[in-house]
Amino acid sequence: MRPGEKRFGVGQIVAFVVLALMAVGWLMPFLWAVATAFKTETDAASESGWIGDDGLTTGAFRGMLENGNVWMWAFNSLWTSLVITLLTVTISALAAYAFSRLRFPGRRWLFAVIVAAIIIPPQVLIIPLFYEMLTFDLIDTAWGLILPQIVAPAMVFILKQFFDGVPIELEDAARVDGANRLRVFWSIVLPLSRPVMAAVAIFVFINAWNNFLWPFLVINDTTLMTLPTGLQTVIDAHGIQYAQTMAQAVLAALPLIVVFLFFQRQIVKGVATTGFGGR
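Residue numbers (our numbering): 37 to 315.
Here is the structure:
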């Protein structure tokens with residue numbers, strides 16, 4: 037063995053093999069969806085293998101692009117997801133910093149309510165949220181789609197866990213120099229919080245992009261639909277077509293895969309510094 041070379045033990049090799057098998061098992065459904073998306077509808081409905089009898093074809097993707105306003109729906113998903121991400125991160129960061137640093141009456145009880153809200157399934161709030169949007173005449177509007185998604189108790193909890201670990205001495209030094217609370221938050225806390233802020237932003241963006249139920253209920257205008265709901269109308273109009281269904285899944289997931297590939301380091305750093313990664 038050469039100097040500097042790392043020797044792997046039996047336990048590490050076994051762990052690597054197990055993790056590799058788990059990764060392959062996790063990827064199999066996605067790979068099967070991609071393979072099915074490149075089949076004809078006849079091959080997709082039959083018990084053919086990974087490659088159909090008629091070979092690979094892009095007919096399912098062409099059908100999705102020709103029979104619907106895919107680019108418009110993708111643009112709607114992009115800009116609404118970005119707005120939701122910006123507002124959610126801003127509100128969650130300010131709330132988390134207040135819970136972490138400020139002392140005000142009812143602070144503990146209010147934070148307990150926020151923590152308890154994490155365990156409430158979003159589906160439970162669908163009916164009251166719908167009636168609320170109906171009362172404010174926000175059905176079939178972009179704000180009716182955006183506003184209910186900007187409240188994220190889990191993100192407030194994650195950011196508070198991080199802010200609790202930021203040395204308060206740094207803030208005290210800035211306060212001595214005359215900086216107010218908002219200046220301290222903007223110039224001291226936020227620059228130190230870039231990894232966790234990036235991770236939270238990515239999590240919120242992915243959730244907003246993937247959200248189907250709320251946009252499906254609140255938006256009926258096809259020009260305002262997001263990509264998941266818009267693609268569903270194409271499938272409903274043409275019946276159950278397995279190749280097109282898988283093409284829909286691949287098209288909807290592709291932007292998220294690109295986001296993850298570009299920002300995977302920020303995601304890992306953020307998870308490792310929020311309290312869930314052993315901090």
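Beta carbons are placed, not taken as given, at the ideal position from N, Cα and C, and that holds for glycine.
With contacts defined as CB atoms closer than 8 Å, L267 and M100 qualify as a contacting pair. Residue environment analysis places I155 among the exposed positions, since fewer than 16 neighbouring C-beta atoms fall within 10 angstroms of its C-beta.
A direct Cα-Cα distance of roughly 24 Å separates M261 from F296. Here the alpha carbons of I293 and L55 stand approximately 20 Å from one another. Taking a 10 Å sphere around the C-beta of G180, we find 16 or more other C-beta atoms and assign the residue as buried. For the pair I238 and T78, the Cα-to-Cα distance works out to about 38 Å.
Distances from the CA of D173 to each of W115, E102, I255 and T259 were compared; the closest alpha carbon is that of I255.
Contact between A110 and A279 does not hold, since the beta-carbon distance rounds to 20 Å and is not under 8 Å. Annotation for F199: A132, Y133 and S136 place their beta carbon closer than 6 Å to its own, counting only its chain and skipping 5 residues before and after.
With a contact defined as Cβ atoms closer than 8 Å, G95 and T76 qualify at about 6 Å. Secondary structure at K196: helix, using DSSP grouped into helix, strand and coil. In chain order, W109, F248, P251, F252 and I255 place their CB closer than 8 Å to the CB of T265, counting only its own chain and leaving out the 5 sequence neighbours on each side. Per DSSP, the unbroken alpha helix (DSSP H) holding N112 starts and ends at V106 to R137. Distance from the CA of M169 to the CA of L206, rounded to the nearest whole angstrom, comes to 43 Å. By the Cβ test, the stretch 225 to 242 is in contact with the stretch 187 to 197, since at least three Cβ pairs between them sit closer than 8 Å.
Fully contained in the stretch 147 to 195 are the following alpha helix (DSSP H) runs of length 4 or more, in chain order: 162 to 171 and 178 to 182.
Taken through DSSP and simplified to helix, strand or coil, P203 comes out as coil. Taken atom to atom, the span from the alpha-carbon of A283 to that of L67 is near 12 Å. The beta carbon of R211 sits closer than 6 Å to no other beta carbon from its chain once the five residues preceding and following it are set aside.
With fewer than 16 other CB atoms across the displayed protein chains lying within 10 angstroms of its CB, I204 is exposed.
With respect to T258, N112 sits apart: the two C-beta atoms are not nearer than 8 Å. By the neighbour-count criterion, in which 16 or more other beta carbons inside 10 Å mark a residue as buried, T124 falls on the buried side.
Across the structure, L183 and I120 are spaced so that their CA atoms are roughly 8 Å apart.
Here M282 carries a helix assignment [DSSP, helix/strand/coil]. For A69 and P157, the gap between their C-alpha atoms comes out near 28 Å. Here S117 is buried. Its C-beta has 16 or more other C-beta atoms within 10 Å.
Bounds of any alpha helix (DSSP H) do not take in N247, whose DSSP letter is neither H nor E. Separation of the CB atoms of V240 and V225 is rounded to 19 Å, and the pair is thereby denied contact status at 8 Å. Secondary structure at A96: helix, using DSSP grouped into helix, strand and coil.
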